[in-house]
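Heads up, the thing below is written out as structure tokens.
In my numbering, the protein residues as written are 128 to 442.
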């Protein structure tokens, strides 16, 4: 005689097994969640740690009576090895950094965003893959190789085409930095455009928009945050570059009056003099103070971009 009691269904059995799941699995899930959370916030601790290390090295001279912060920021006289009157003015190097970066962005942003739009919206699959591989190869070229190109190739072309007395100047450094920044802008910009939902494109085309109207009126506003991030990464690449600008800009401490003038950037100055400055000397610590200045410039640029994005969102 068969047992008339009903058998548990498959769903009920699964619920029973789930309820009996070992506690070890729950702990593993929680540990993995905590690890992912720690990885997400670790960048903050790394940045703070680096800043504290640089500040610790620069603090003795920053709070010294023989050091003037106003002279450091607003004087263009840089004579750190003078026996009688040492002067640590970085105004000329700050102007050189901004001039080279501005010229590089004037070249890189239109070409980078234009290439990102073309790759994302206009070219075919085979050409898209070819262009992406080529751009990745450009990003893989070491900065010292770009510096060699600027020193040996671009300098001769600039002298021949412009009649400049020397070919290592702002124009040379701006072109080299633009070529180094374009791959980053293209890669991040193309990802930002691809992240726009296809429903936006379909709605624009259904309303009769052309391809260019779709790009200008729909895709660019929708991807503005990602495109701004691409531009900021390009700016960061240009501001933080060392070897290429050291070899391509002439390394002259002077305030530029044109794009054919030689300049020295803040990063190039640190790279050129840190190895020769005696450890613990004022010269050594002022170079770390220049690093704090670079931190501040980067922070201000990112803060201004964030405020601009917030203003756009409110509108």
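We put the CB at the ideal spot given by N, CA and C, even for glycine.
Note on the stretch 377 to 414: there is no whole beta strand (DSSP E) run with a minimum of 3 residues. As DSSP reads the structure, residue 328 sits in no beta bridge. Taking the Cβ atoms as the reference, residue 181 lies roughly 5 Å from residue 415, within the contact range of under 8 Å. For residue 318, the uninterrupted alpha helix (DSSP H) segment begins and ends at 297 to 321.
In the structure shown, residue 255 adopts helical secondary structure according to DSSP, grouped into three states. Around the C-beta of residue 303, 16 or more other C-beta atoms lie within 10 Å, and the residue is accordingly described as buried. Taking a cut-off of 8 Å on C-beta distances, the stretch 350 to 357 touches the stretch 308 to 323, as three or more cross pairs fall below it. Secondary structure of residue 214 (DSSP, three-state): strand. Note on geometry: alpha-carbon atoms of residue 235 and residue 156 lie some 45 Å from one another. Under DSSP, residue 206 forms a beta bridge with 214. Taking C-beta separations shorter than 7 Å and ignoring five residues to either side along the sequence, the partners of residue 419 in its chain run 181, 182, 185, following chain order.
Excluding residues up to 5 positions away in sequence, 298, 387 lie with their Cβ nearer than 8 Å to the Cβ of residue 289 in the same chain. Residue 167 is not a Cβ neighbour of residue 231, given a cutoff of 9 Å. Note on residue 307: 16 or more other CB atoms within 10 angstroms of its CB, so buried under the neighbour-count rule. Taking every protein chain shown into account, the CB of residue 199 has 16 or more other CB atoms within 10 angstroms, so this residue is buried. For residue 187, the secondary structure class from DSSP, reduced to helix, strand or coil, is helix.
Taking all protein chains in view, the Cβ of residue 377 is crowded by 16 or more other Cβ atoms within 10 Å, so the residue is classified as buried. At the C-beta level, residue 375 and residue 391 stay beyond 9 Å of one another.
Annotation for residue 364: the continuous alpha helix (DSSP H) segment containing it runs 351 to 367. Rounded to whole angstroms, the Cβ separation of residue 369 and residue 398 is 5 Å, and the two are in contact under 8 Å. With fewer than 16 neighbouring CB atoms inside 10 Å of its own CB, residue 402 falls in the exposed class.
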